[in-house]
Amino acid sequence: MWTFISFMSFMAFLACLIGGIVSTFQKNGLHTKYFILTGSLLVLFILLVIASPKTSTDSNIVASVAPVPAPGKAELDAATKSASAEKSQAKLKSETEAKKKVEQKNNNLPVSLGMYPEQFQVVFNDIAGKFQPVFNIDSINVEEGNAVNAFSYMLKDELGIIGLVNKHDGNLQSLAIAGKEDGSIDTTKALTTAIHVLIKVTNVTMSSKEISALMDDLGIFDGNAKNLNKSIILNGVRYSTGYTEKFGVSLMISNANDANYAR
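Structure (structure tokens):
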């Protein structure tokens, strides 16, 4: 636009200049007006040249150094979602693998009675305190073994409890009580009371009547101790009776799913 105006001003300047020269030779008196107009057009032309904007070359230079536009919102959202999805998948995979390892470890652990030795001690003392004679476990000392850990505690002479403890998680794997009978009422009462308490500890919802019925089914009240050899599963717990000359009457208590004590 500026170039066009400047060009037209220059052409008008030339026309007036030629007109002034011709008028001078013709002596018609117009040459003065032509020269004044010519001077004015010359001044206008110079001003237009000075005031014209920078060339397109400058614009190209500016354009060439302009910053590259930032990615659009859609591109950023897509990249964010992709990164988030990959992170979520990696986290899920890691959690799944960890869960499988825990499940595999748990599957390899022997089944238990669902309590620790310390818990057994507390529950036993609480229940035993309600019977006569009163039994009390003062402390439990778990000893390390090759396959399993174990503890034993003598409630009275020739009447004791043995517990097997899982080496991996510390749970009580099985319990056993054994005692000799000498035919006296006190010895028989002590043995049956201790067995009653132990059954209650491992099946706390059972009533005294139900426990007595279980003991009867196990043959404990038969009066023929040497023939004891029965096994009953009740509420997921296996109760097995037996007899040996060395230890007398025994009751083994274990998880019903523990194949080591199946008969």
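In the working numbering, the protein residues as written are 11 to 273. Glycine residues also receive a C-beta, built at the ideal position from the N, C-alpha and C atoms.
The three-state reading of DSSP puts A266 in coil, since its state is none of H, G, I, E or B.
A Cβ-Cβ separation of about 7 Å places Y249 in contact with I209 under the 8 Å criterion.
Under the criterion of beta carbons closer than 8 Å, V211 and F141 do not qualify as touching, at roughly 12 Å. A direct Cα-to-Cα measurement between E168 and H178 gives close to 31 Å.
Closest by C-alpha distance to L244, out of Y253, N213, S222, is N213. Approximately 13 Å separates the beta-carbon atoms of G173 and M164; this is outside 8 Å, ruling out the contact. Check the Cα spacing between D192 and each of G252, V259, N159, S217: the tightest is with V259. With contacts defined as CB atoms closer than 7 Å, A138 and M262 fail to qualify as a contacting pair. A direct Cα-to-Cα measurement between G229 and T106 gives close to 50 Å. Counting only the Cα atoms, N265 lies some 6 Å from V121.
Assignment of N237 by DSSP, reduced to helix, strand and coil, places it in the helix class.
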